[in-house]
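Asker: Take this structure first; my questions come after.
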Amino acid sequence: MFSATNGKIKLPPEDAVLVTSPLRCLFNGPFRDLHFNVTDHRIIPVHDVVFLDDFERNVKPLIYRPVTSEVAESANVDEEATPAEEEQRSFIPISSDTRRTASASNSRRPIRIVPDWTENAVQGEHYWKPTSASGDLCCLNEECIKSGQRMKCSACQLVAHHNCIPFVNEKSTLACKPTYRDVGIRQYREQTTTHHHWVHRKLEKGKCKQCGKFFPMKQAVQSKLFGSKEIVALACAWCHEIYHNKEACFNQAKIGEECRLGNYAPIIVPPSWIVKLPTKGNFKSSIRVSNKNNAASGSGGGGAGGGAGGGGGGGGGGKSKKQTQRRQKGKEEKKEPRAFIVKPIPSPEVIPVIVFINPKSGGNQGHKLLGKFQHLLNPRQVFDLTQGGPKMGLDMFRKAPNLRVLACGGDGTVGWVLSVLDQIQPPLQPAPAVGVLPLGTGNDLARALGWGGSIFFQGYTDEPIGKILREIGMSQCVLMDRWRVKVTPNDDVTDDHVDRSKPNVPLNVINNYFSFGVDAHIALEFHEAREAHPERFNSRLRNKMYYGQMGGKDLILRQYRNLSQWVTLECDGQDFTGKLRDAGCHAVLFLNIPSYGGGTHPWNDSFGASKPSIDDGLMEVVGLTTYQLPMLQAGMHGTCICQCRKARIITKRTIPMQVDGEACRVKPSVIEIELLNKALMLSKRKHGRGDVQVNPLEKMQLHILRVTMQQYEQYHYDKEMLRKLANKLGQIEIESQCDLEHVRNMLNTKFEESISYPKVSQDWCFIDSCTAEHYFRIDRAQEHLHYICDIAIDELYILDHEAATMPQTPDQERSFAAFSQRQAQNERRQMDQAQGRGPGSTDEDLQIGSKPIKVMKWKSNKDRLFSFNEDVFGCGFSPILEQTSDAILLAAQSGDLNMLRALHEQGYSLQSVNKNGQTALHFACKYNHRDIVKYIIASATRRLINMADKELGQTALHIAAEQNRRDICVMLVAAGAHLDTLDSGGNTPMMVAFNKNANEIATYLESKQGTQPVDGWLDD
1 MFSATNGKIK LPPEDAVLVT SPLRCLFNGP FRDLHFNVTD HRIIPVHDVV FLDDFERNVK
61 PLIYRPVTSE VAESANVDEE ATPAEEEQRS FIPISSDTRR TASASNSRRP IRIVPDWTEN
121 AVQGEHYWKP TSASGDLCCL NEECIKSGQR MKCSACQLVA HHNCIPFVNE KSTLACKPTY
181 RDVGIRQYRE QTTTHHHWVH RKLEKGKCKQ CGKFFPMKQA VQSKLFGSKE IVALACAWCH
241 EIYHNKEACF NQAKIGEECR LGNYAPIIVP PSWIVKLPTK GNFKSSIRVS NKNNAASGSG
301 GGGAGGGAGG GGGGGGGGKS KKQTQRRQKG KEEKKEPRAF IVKPIPSPEV IPVIVFINPK
361 SGGNQGHKLL GKFQHLLNPR QVFDLTQGGP KMGLDMFRKA PNLRVLACGG DGTVGWVLSV
421 LDQIQPPLQP APAVGVLPLG TGNDLARALG WGGSIFFQGY TDEPIGKILR EIGMSQCVLM
481 DRWRVKVTPN DDVTDDHVDR SKPNVPLNVI NNYFSFGVDA HIALEFHEAR EAHPERFNSR
541 LRNKMYYGQM GGKDLILRQY RNLSQWVTLE CDGQDFTGKL RDAGCHAVLF LNIPSYGGGT
601 HPWNDSFGAS KPSIDDGLME VVGLTTYQLP MLQAGMHGTC ICQCRKARII TKRTIPMQVD
661 GEACRVKPSV IEIELLNKAL MLSKRKHGRG DVQVNPLEKM QLHILRVTMQ QYEQYHYDKE
721 MLRKLANKLG QIEIESQCDL EHVRNMLNTK FEESISYPKV SQDWCFIDSC TAEHYFRIDR
781 AQEHLHYICD IAIDELYILD HEAATMPQTP DQERSFAAFS QRQAQNERRQ MDQAQGRGPG
841 STDEDLQIGS KPIKVMKWKS NKDRLFSFNE DVFGCGFSPI LEQTSDAILL AAQSGDLNML
901 RALHEQGYSL QSVNKNGQTA LHFACKYNHR DIVKYIIASA TRRLINMADK ELGQTALHIA
961 AEQNRRDICV MLVAAGAHLD TLDSGGNTPM MVAFNKNANE IATYLESKQG TQPVDGWLDD
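Going by our numbering, 505 is the number at position 505 of the sequence shown; the sequence numbering is gapless.
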């Protein structure tokens, strides 16, 4: 059936072949060529010809156990099986043997060097990089297949061969240190401690934490020379504590101990801060698809979009509902779902630092730094800028208190981070301070902040990362000016030198300097030559030699000797063109920092009224000649022109310009430079210079919104709908570091003491509106674990279990007016009893702003009997002879229900109008004050409900339909609002809703034609 000539097995192309021998093995069709070793019955699939003498050296065989006929029949591949299932069923490995194959999922898992931020992220994933250091032995020991290059995890320092990595991924004991919490969105605060992550070491330096003895060098030499597999130490991947692998130094009790994160704890982001959000449908997610479907069906059957109101409205409601669902689906597709969220625990001792590294800066230094930072910090606070830029990291850590940013790269990298900070909306408050770790050759900004060193020190040169992190933690905050560059074409000039010219400068923000002339020409020539032949510019010394060559060439040619004739320079409104002409400048330089061109100082500090500073709001203008340019390297200065706050340059021909080292040729233009903002930077601490005061305890301005239980149960998955239905209670200012217990006490006090807050039941709870893609409640027993910044951004939602809900069915709509009437009457009676006054009593004075309103003290029985008021005609009757007042309109416009109720009880009419004929009901509908609308409906006649303004002829229902206020439309229709009233444009409320794309409201109003309830109210 098969032949074993030359150690090679040729199988027929059938799907499955069973070898009829005492040890029967299952074969699969895709493996046509296999090697077979008769001595130990080992079978290996191969793609090319592999000789048996190379077998033990190159490939480790797959081991298969003997199978019976029953097992073979059960292992037959289903015709409809997926490729993954076929691969898993192809072979049956021996579980008891140490030599085995990796699972399909682990063998296909990509090897990563940076964390995965998608929903496919795996806890304990390693971050591999190649290593060639002697003594780095594979962690698999006997299971090692010794194939492939040796790889080392940057985070935990584990070593494995490239082909051993799938086997390492299968072992939970060899997992990397956890970088996040993978729990439900309700449990992420239940356990916030970090435990030690112990890693076995076969080779270790330093001394034991327990006994204080150094690890012997003899063992290190043996491990390097003979490949010793003995575990000599255990080290924590977080705090880097090391212990001897013996009972006297390390015991089982240390495994479960809490880790304090070592010397860098203040700047490390703990894994408990980073929470992986469960995917929709996951058992950890609180999203229930059935609830969403039920709510949708329920709202379609009895809500505003349902067809229960009439036969004509059913089809329209279904169509409108489908259109709404399609629009919502389109919005969801455009919005990228978040897989991770950062939930910081505020502490004044923690100053988290997120690191952005540009691997392309400084040769290969960026790649080295990436692994070093991943080892000392949480790998998820270290970002590779080539993997999407800094926006994702800044936006994710926006809530972290005392946040600091470390940009590792050149000046362009720092400018990139600062520009993204400007673009993020809403902006980070407070803005994080940005530090610089210089890579490359320029690093002028790093030098100005104290991180760059002298002219002979070219940025980072393999210094210990621990020292740099300590300096970042102890650094001080300073402000740095940033300048806006605005370029407009100079249409008054025609220029023939337009080849390869551009209408704008490369960057529109200046962080370091801006220049035009010969220096920009040299930088542009270098950039173009490097793009044409990148292989010639792989040496720092060669790059400097090229700069010197181009400078010497221009020294002879003097191409820009007439620069002053091509430009006009105005600084703070004063013309300095003549000074440029007198100095014979070949280049003009605008300095924001003292350093330029790799450490030179063109500005002479003895010139000018004040010593230059990066935060003084001034730019130093310097003129340079071709003779002065090389002399800057020897410590000389240029020609100081002036210090200015604004500058205006008019060019008459194409001139090379550069912004922070980015050069291009710019067409004749008018360039305006002015101050943009001040960025917060990290400077190396110096004696005698104070810190910029940054308040870490910023205040949060939150709008308090109340949600009913019925609204929450139906729309907790729909943030937009729940936001529209929520009732605004007021506003609160609070510190972001307050826990929810403190916030509850503060809100309860405001609810009880302030009349501006309506009554809220004691059985309310907080709603988290910013963690997941839907809302969910916070357990009262866990309020001490959560902070206000965890659950709110601009709006704080509370769930009131006893609050009245909106009508959802026609029966509820017909009974809603009577319910609102009784509720208003009960609230007024309770207020009278609480203030110790009778039904006819009034206050002496009522303060509205700064203008007091005088009212009667008491109404006599005669006045009460013969006056047109609700004491005679009952609740809901608005007397004709009531006093009108603008205060009624102000209370309705501001949403102050208590003030409106008090004014109405003192005899002020709810039919008060302004000069445009707008009533309090018009304002309440416009500004979505549902409680005001509810009170007016319960206290007024249908005449007020159907009053139209003088300007547009709109009733309250017109305004509610125009503003897309569905719940208010329901209340007005239930109260008897006319559906066929025409405004000045000839539109009914239904037509207004259609014109405003409020299809759901339009369909609802159409379904209510001819079905308005008659409750016996007095009409006009």
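Built from N, CA and C at the ideal position, the CB exists for glycine as well.
Since this is a predicted model, take the numbers as computed values, not measurements.
In chain order, what residues of the same chain have a beta carbon less than 6 Å from the beta carbon of residue 396, not counting five sequence neighbours either side?
Answerer: 342
Asker: Looking at the secondary structure, which residues open and close the alpha helix (DSSP H) in which residue 528 lies?
Answerer: 518 to 532
Asker: Can you tell me whether DSSP reads residue 932 as helix, strand or coil?
Answerer: Residue 932 falls in the helix class under three-state DSSP.
Asker: Taking contact to mean at least 3 C-beta pairs separated by less than 8 Å, is the segment 586 to 606 in contact with the segment 434 to 445?
Answerer: yes
Asker: If you run the structure through DSSP and keep just helix, strand and coil, what is residue 128?
Answerer: strand
Asker: With a threshold of 6 Å on Cβ separation, who are the neighbours of residue 568 within its own chain once the five nearest residues in sequence on each side are excluded?
Answerer: 577, 650
Asker: Say yes only if the C-beta of residue 419 is nearer than 7 Å to one or more non-hydrogen atoms of the ligand MN, and no if none qualify.
Answerer: As for the ligand MN, it is missing from this structure, which has no ligand bound.
Asker: Does the beta-carbon of residue 557 have 16 or more other beta-carbons within 10 angstroms, so that it is buried, or is it exposed?
Answerer: exposed
Asker: Taking only the alpha-carbon atoms, compute the straight-line gap between residue 45 and residue 144 and give it to the nearest angstrom.
Answerer: Residue placement at residue 45 is poorly supported in this model, since its pLDDT is 39, which falls under 50; the coordinates still yield a value, given next. If you take the alpha carbons of residue 45 and residue 144, they lie about 19 Å apart.
Asker: In three-state terms, what does DSSP make of residue 266?
Answerer: helix
Asker: Taking DSSP as the reference, what is the three-state secondary structure of residue 958?
Answerer: The answer is helix: DSSP assigns residue 958 an H, G or I state.
Asker: Distance, Cα to Cα, residue 114 vs residue 141?
Answerer: Rounded to whole angstroms, residue 114 to residue 141 spans 26 Å at the Cα level.
Asker: Tell me the DSSP secondary structure of residue 469 in three-state form.
Answerer: helix
Asker: Residue 375 by DSSP, collapsed to three states: which one?
Answerer: helix
Asker: Using a Cβ-Cβ cut-off of 7 Å (strictly less than) and excluding sequence neighbours within five positions of residue 153, which residues of its own chain qualify?
Answerer: 126, 127, 128, 176, listed in sequence order.
Asker: Beta carbon of residue 582, beta carbon of residue 412: below 8 Å?
Answerer: no
Asker: Kindly indicate the opening and closing residues of the beta strand (DSSP E) around residue 1028.
Answerer: Residue 1028 falls outside the range modelled here, since the chain spans only 1 to 1020, and no answer is possible.
Asker: Would you check if there are 3 or more beta carbon pairs closer than 8 Å linking the segment 414 to 423 to the segment 362 to 377?
Answerer: Contact between the segment 414 to 423 and the segment 362 to 377 is absent, because fewer than three Cβ pairs lie under 8 Å.
Asker: Where do the N-terminal and C-terminal ends of the alpha helix (DSSP H) with residue 747 fall, by residue?
Answerer: 740 to 753
Asker: Taking the Cβ atom as the reference point for each residue, do residue 704 and residue 730 lie within a distance shorter than 8 Å?
Answerer: yes
Asker: To the nearest angstrom, how far is the alpha carbon of residue 1022 from that of residue 911?
Answerer: Since the first residue shown for the chain is 1 and the last is 1020, residue 1022 is missing from the structure and cannot be characterised.
Asker: With three or more C-beta pairs closer than 8 Å as the rule, is the segment 665 to 674 touching the segment 485 to 496?
Answerer: yes
Asker: Which word fits residue 674, buried or exposed, when buried means at least 16 other C-beta atoms lie within 10 angstroms of its C-beta?
Answerer: exposed
Asker: If you draw a straight line from the C-alpha of residue 510 to the C-alpha of residue 662, how long is it?
Answerer: 11 Å
Asker: Output yes or no for whether 8 Å exceeds the beta carbon distance between residue 922 and residue 959.
Answerer: yes
Asker: Just to check my reading of the structure: residue 201 and residue 165 have Cβ atoms closer than 8 Å, yes? What is that Cβ distance to the nearest angstrom?
Answerer: No, residue 201 and residue 165 are not in contact; Cβ-Cβ is about 19 Å, not under 8 Å.
Asker: Name the DSSP beta bridge partners of residue 383, please?
Answerer: 356
Asker: With a threshold of 16 other CB atoms inside 10 Å of the CB of residue 391, please say whether the residue is buried or exposed.
Answerer: exposed
Asker: When you compare only the Cα positions, how much space is there between residue 505 and residue 623?
Answerer: Distance between the alpha carbons of residue 505 and residue 623 is about 20 Å.
Asker: Could you tell me the distance, in whole angstroms, from the CA atom of residue 877 to the CA atom of residue 935?
Answerer: Caution is warranted here: a pLDDT of 40 is assigned to residue 877, below 50, making its placement in the model unreliable, and the coordinate value is therefore given only provisionally. Between residue 877 and residue 935, the C-alpha separation is close to 12 Å.
Asker: Whose C-beta lies closer than 7 Å to the C-beta of residue 957 among residues of the same chain, with five residues either side of it excluded?
Answerer: 969, 972, 977, 989
Asker: Candidates 371, 356, 426, 370: which alpha carbon is nearest residue 389's?
Answerer: That would be 356, whose Cα lies nearest to the Cα of residue 389.
Asker: Quick one: using the 10 Å Cβ neighbour count with 16 as the cut-off for buried, is residue 481 buried or exposed?
Answerer: buried
Asker: With which residues is residue 764 paired in a DSSP beta bridge?
Answerer: BP columns for residue 764 point to 800.
Asker: Taking the alpha carbon of residue 974 as the reference point, which residue from 478, 213, 933 has its own alpha carbon closest?
Answerer: 933
Asker: Would the segment 652 to 659 and the segment 461 to 472 be scored as touching if the rule is three or more Cβ pairs under 8 Å?
Answerer: Taking 8 Å as the limit for Cβ pairs, the verdict is that the segment 461 to 472 does not touch the segment 652 to 659.
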